[in-house]
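Working notes for the structure below.
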Amino acid sequence: MAASPEYLTGDSVVRGGAAGPTPDPHVTGEAAALVAVSAYGSSAVERRRRGGTPWRWVLGAILPAVLLALWWAASHLGWVPVFKLPTPESVVLAAVDLAQRGVLWEYIGISTQRVLLGFLIGSVVGLALGSLVGLSRLADSFLSPTIGAARAVPSLAWVPLLVLYLGFGEDSKVTLVAIGAVFPVYTTVAGALRHVDPHLVELGRAYGFHGLRLLSAVQLPAVIPAIVSGLRLALAQAWLFLVAAELLGSTMGLGFLLIESQNNGRIDRLFLAIIVLAVLGKITDTLVGLLERQLLKRWG
Amino acid sequence: MTLVDVSAAPALPVRISGVQRRFPAPDGGERVVLRDIDLDIRPGEIVALLGPSGCGKSTLLRLVSGLDRADGGEVTIGGTPVAPVDQRSAVAFQEPRLLPWRSIERNVELGLPRGTARQAGRARVGELLRLVQLGHATGLRPRQISGGMAQRASLARALARNPGVLLLDEPFGALDALTRLTMQDLLLEVHAAEPATIILVTHDVDEALQLADRIVLLGGEPGIPGATIRRVLEVGKKRPRDRGDAQLAILRTELLSLLGVETHHPEDYITKAIKAQRAKRLAEPAGPDA
Numbered sequence: 001m002a003a004s005p006e007y008l009t010g011d012s013v014v015r016g017g018a019a020g021p022t023p024d025p026h027v028t029g030e031a032a033a034l035v036a037v038s039a040y041g042s043s044a045v046e047r048r049r050r051g052g053t054p055w056r057w058v059l060g061a062i063l064p065a066v067l068l069a070l071w072w073a074a075s076h077l078g079w080v081p082v083f084k085l086p087t088p089e090s091v092v093l094a095a096v097d098l099a100q101r102g103v104l105w106e107y108i109g110i111s112t113q114r115v116l117l118g119f120l121i122g123s124v125v126g127l128a129l130g131s132l133v134g135l136s137r138l139a140d141s142f143l144s145p146t147i148g149a150a151r152a153v154p155s156l157a158w159v160p161l162l163v164l165y166l167g168f169g170e171d172s173k174v175t176l177v178a179i180g181a182v183f184p185v186y187t188t189v190a191g192a193l194r195h196v197d198p199h200l201v202e203l204g205r206a207y208g209f210h211g212l213r214l215l216s217a218v219q220l221p222a223v224i225p226a227i228v229s230g231l232r233l234a235l236a237q238a239w240l241f242l243v244a245a246e247l248l249g250s251t252m253g254l255g256f257l258l259i260e261s262q263n264n265g266r267i268d269r270l271f272l273a274i275i276v277l278a279v280l281g282k283i284t285d286t287l288v289g290l291l292e293r294q295l296l297k298r299w300g
Numbered sequence: 001m002t003l004v005d006v007s008a009a010p011a012l013p014v015r016i017s018g019v020q021r022r023f024p025a026p027d028g029g030e031r032v033v034l035r036d037i038d039l040d041i042r043p044g045e046i047v048a049l050l051g052p053s054g055c056g057k058s059t060l061l062r063l064v065s066g067l068d069r070a071d072g073g074e075v076t077i078g079g080t081p082v083a084p085v086d087q088r089s090a091v092a093f094q095e096p097r098l099l100p101w102r103s104i105e106r107n108v109e110l111g112l113p114r115g116t117a118r119q120a121g122r123a124r125v126g127e128l129l130r131l132v133q134l135g136h137a138t139g140l141r142p143r144q145i146s147g148g149m150a151q152r153a154s155l156a157r158a159l160a161r162n163p164g165v166l167l168l169d170e171p172f173g174a175l176d177a178l179t180r181l182t183m184q185d186l187l188l189e190v191h192a193a194e195p196a197t198i199i200l201v202t203h204d205v206d207e208a209l210q211l212a213d214r215i216v217l218l219g220g221e222p223g224i225p226g227a228t229i230r231r232v233l234e235v236g237k238k239r240p241r242d243r244g245d246a247q248l249a250i251l252r253t254e255l256l257s258l259l260g261v262e263t264h265h266p267e268d269y270i271t272k273a274i275k276a277q278r279a280k281r282l283a284e285p286a287g288p289d290a
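If you read the sequences in order, they're chains A and B. Counted the way the working numbering counts, the first sequence spans residues 1 to 300. Counted the way the working numbering counts, the second sequence spans residues 1 to 290.
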């Protein structure tokens, strides 16, 4: 078998070696049937491991339930003073209050919109840059030092400059989120394209594929697993950069809720903002995870 | 043959004249890999390139395919020089090199000439898959099939190109001994159905004897860098050939000793057998084909 180590990243399996597993050339006849069976078998094992069984959900829910109970106890039994740790009920009340005034939905909506727009723009730019640098040695030498330096700039350092150039509006925030999303996609795509099985690329060339046709027929499909894991990382980065953008200069959004609550001493709303960010991040990550599973089934 | 196909291209002749290939050496100089290669291959002929590992067999095949260019001399197919990635030839490699995300059928489709009509292409792929006995496996992924099946799919993909010249780079080298024998028979069936000129790189003397019209032995000569043609042997027997044939056994011994392999035959075995063979040939002027 070609060396193809498997990396577990969260719920996803990323196959090392962009070409994926190749059939063992020494296997024939009955052994082939066994290979086929074990291929199906292993996917069944994967399915069992990845979920679908209620036990998985039960196990995953235990820790949040314990944390909630501890939180309740700590706030109600006076282990921690209320101005440092609000009660769970007060956080729910804060949520109901903000929801009734329509502010909560507005903040969630605007933050999600900023993340999705920035993520989309950043992913497309990252994919284009990554393809260029991964495929062309010239582009690699020309661009990668500069891109590497830009990537090294901490997210918060961009904020004053973006505000100066683009103002306090949506543009500066979406741009910052896009900056956050570009680099994970760029890095994974460029790296994976550099390591596409040269045998497959030569095969494509021998059968008359070159340029964009070679890219779409051989190189991009070979790196789809890497692209998807890059997208997942990019989404996490997008939320990270969103909060950075909203903390420093905004009038709405979950980051704004955080900073405003800190200034007003509304620790219940502070907790609410953090919990909403966790839930939103998990939901979007799960959606990308579902997409990933479909893509890996087709291309993995 | 019953399996006649209208879209199969006619077999083309290959001429290799004065070909040389050098590669840059690690010390900054150049290393001659091939030199003074002259070979004329008739249309529809099966030629085996035989030689020790690293003697440049695959390099020569790549020169014919257009994947690589000669530093000197010329390779022509059907009278015109080989172009980079020549449409008139198709290569099958030692590894099947199937795209893991495509079904077997879609992998074979990759070989179809550009601009093939969808319907005609599908029909052609189906026909080729049946020819290589993969009619039952069209929808499977490469990881679900055995090495022998993958190699057959790779062969079908090469044939989908309707090549005038089929180039096979140790196509059965990675298969187990039994599968290799059945694949050899299959290749002969394929050749009968799609009579392209075949150049086959192999390090397996028996395979060469079983398949080839002519065996071209590549190797070096002492004191001169680079490999060249040391011997061209006309096998001159009808196919399919008896694997236990005495004449083939003699050729085998000859080839192995040329390759420097100890055959462990008794000292006078070769001379006796060859003498007997020569006497027989002289006695029968009709030739060894009879």
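Think of the CB as a built atom: it goes at the ideal place given N, C-alpha and C, for glycine as much as any other residue.
Interface residues of chain A around residue i at Cβ under 7 Å?
{"i": "Gly111 (chain B)", "result": "Tyr207"}
{"i": "Val91 (chain B)", "result": "Ala206"}
{"i": "Glu105 (chain B)", "result": "Residues of chain A passing the Cβ test: none, with the nearest at roughly 15 Å."}
Could you compute how far the alpha carbon of residue i sits from the alpha carbon of residue j?
{"i": "Ser75 (chain A)", "j": "Arg266 (chain A)", "result": "15 Å"}
{"i": "Ser141 (chain A)", "j": "Pro81 (chain A)", "result": "57 Å"}
{"i": "Phe241 (chain A)", "j": "Ile227 (chain A)", "result": "20 Å"}
{"i": "Leu128 (chain B)", "j": "Leu159 (chain B)", "result": "7 Å"}
{"i": "Gly211 (chain A)", "j": "Val96 (chain A)", "result": "56 Å"}
{"i": "Pro54 (chain A)", "j": "Val92 (chain A)", "result": "27 Å"}
{"i": "Phe83 (chain A)", "j": "Met252 (chain A)", "result": "24 Å"}
{"i": "Gly102 (chain A)", "j": "Leu257 (chain A)", "result": "13 Å"}
{"i": "Leu61 (chain B)", "j": "Leu166 (chain B)", "result": "10 Å"}
{"i": "Pro86 (chain A)", "j": "Pro64 (chain A)", "result": "17 Å"}
{"i": "Pro171 (chain B)", "j": "Pro10 (chain B)", "result": "22 Å"}
{"i": "Val85 (chain B)", "j": "Ser58 (chain B)", "result": "16 Å"}
{"i": "Arg143 (chain B)", "j": "Glu109 (chain B)", "result": "18 Å"}
{"i": "Val45 (chain A)", "j": "Tyr165 (chain A)", "result": "Interpretation of Val45 (chain A) is limited by its pLDDT of 48, a score under 50 that renders its predicted location unreliable; no figure is taken from the coordinates."}
{"i": "Pro154 (chain A)", "j": "Gly173 (chain B)", "result": "54 Å"}
{"i": "Ala128 (chain A)", "j": "Gly260 (chain B)", "result": "55 Å"}
{"i": "Ser241 (chain B)", "j": "Ala25 (chain B)", "result": "Position check: residue 241 (chain B) holds Arg in this sequence, whereas Ser was assumed. If I take the Cα positions, the gap works out to 43 Å."}
{"i": "Ile62 (chain A)", "j": "Tyr107 (chain A)", "result": "30 Å"}
{"i": "Gly287 (chain B)", "j": "Ile274 (chain B)", "result": "With a pLDDT of only 46 at Gly287 (chain B), under the threshold of 50, the placement of this residue in the model should not be trusted, and no figure is reported."}
{"i": "Tyr40 (chain A)", "j": "His203 (chain B)", "result": "Caution is warranted here: a pLDDT of 40 is assigned to Tyr40 (chain A), below 50, making its placement in the model unreliable, and the coordinate value is therefore given only provisionally. Straight-line Cα distance between these residues: approximately 36 Å."}
{"i": "Ala227 (chain B)", "j": "Arg252 (chain B)", "result": "21 Å"}
{"i": "Val37 (chain A)", "j": "Arg180 (chain B)", "result": "Note that Val37 (chain A) scores a pLDDT of 37, beneath 50, so its modelled location is shaky; the value from the coordinates is reported in the next line. Going by the C-alpha atoms only, they are around 24 Å apart."}
{"i": "Val196 (chain A)", "j": "Glu45 (chain B)", "result": "36 Å"}
Just to make sure I have the definition right: I need the residues of chain A whose C-beta is within less than 9 Å of the C-beta of residue i. Which are they?
{"i": "Leu67 (chain B)", "result": "Glu202, Arg205 and Ala206"}
{"i": "Gln87 (chain B)", "result": "Gly208"}
{"i": "Glu254 (chain B)", "result": "Here the premise fails: no neighbours, minimum Cβ distance about 30 Å."}
Checking 8 Å against the spacing of the C-beta atoms, do residue i and residue j come in under that value?
{"i": "Glu30 (chain B)", "j": "Arg21 (chain B)", "result": "no"}
{"i": "Gly122 (chain A)", "j": "Val159 (chain A)", "result": "no"}
{"i": "Val47 (chain B)", "j": "Gly66 (chain B)", "result": "no"}
{"i": "Thr197 (chain B)", "j": "Ile41 (chain B)", "result": "yes"}
{"i": "Leu188 (chain B)", "j": "Arg239 (chain B)", "result": "yes"}
{"i": "Glu194 (chain B)", "j": "His199 (chain A)", "result": "no"}
{"i": "Val201 (chain B)", "j": "Asp169 (chain B)", "result": "yes"}
{"i": "Gly73 (chain B)", "j": "Ser17 (chain B)", "result": "yes"}
{"i": "Val218 (chain A)", "j": "Gly204 (chain A)", "result": "yes"}
{"i": "Arg161 (chain B)", "j": "Gly111 (chain B)", "result": "yes"}
Below 8 Å on the Cβ atoms is my guess for residue i versus residue j; work out the distance and round it to an integer in Å.
{"i": "Val33 (chain B)", "j": "Val75 (chain B)", "result": "Not really, about 15 Å apart at Cβ, beyond 8 Å."}
{"i": "Gly230 (chain A)", "j": "Thr188 (chain A)", "result": "3 Å"}
{"i": "Val190 (chain B)", "j": "Leu131 (chain B)", "result": "6 Å"}
{"i": "Arg114 (chain A)", "j": "Lys173 (chain A)", "result": "5 Å"}
{"i": "Val185 (chain A)", "j": "Ala236 (chain A)", "result": "In fact, because the Cβ distance is near 12 Å, the residues do not count as touching under 8 Å."}
{"i": "Val232 (chain B)", "j": "Val216 (chain B)", "result": "5 Å"}
{"i": "Arg230 (chain B)", "j": "Leu248 (chain B)", "result": "About 20 Å separates the two Cβ atoms, so there is no contact after all."}
{"i": "Ala192 (chain A)", "j": "Val223 (chain A)", "result": "4 Å"}
Can you pull the chain B neighbours of residue i, defined as C-beta to C-beta under 8 Å?
{"i": "Val218 (chain A)", "result": "Leu99"}
{"i": "Arg298 (chain A)", "result": "Trp101"}
How would you list, in chain order, the residues of chain B whose beta-carbon sits under 9 Å from the beta-carbon of residue i?
{"i": "Pro154 (chain A)", "result": "Going along chain B, no residue has its Cβ under 9 Å from Pro154 (chain A), so there is no contact; the nearest lies around 38 Å."}
Could you work out which residues of chain B lie near residue i, taking near to mean beta carbons separated by less than 7 Å?
{"i": "Pro64 (chain A)", "result": "Those within 7 Å of Pro64 (chain A) in chain B number zero; the least Cβ separation is about 38 Å."}
Would you list, in chain order, the members of the region 178-204 of chain A that have their beta-carbon closer than 9 Å to a beta-carbon of chain B? Asp197, His199, Leu200, Glu202, Leu203 and Gly204
With 7 Å as the limit, tell me which residues of the region 113-125 of chain B have their beta carbon closer than that to any beta carbon of chain A; keep them in chain order. Arg114
If you measure beta-carbon to beta-carbon, which residues of the region 59-93 of chain A are closer than 9 Å to chain B? Here the close residues number zero.
Give the residues from the region 216-246 of chain A that approach chain B closer than 9 Å (Cβ to any Cβ), ordered along the chain. Ala217, Val218, Pro221, Ala222 and Ile224
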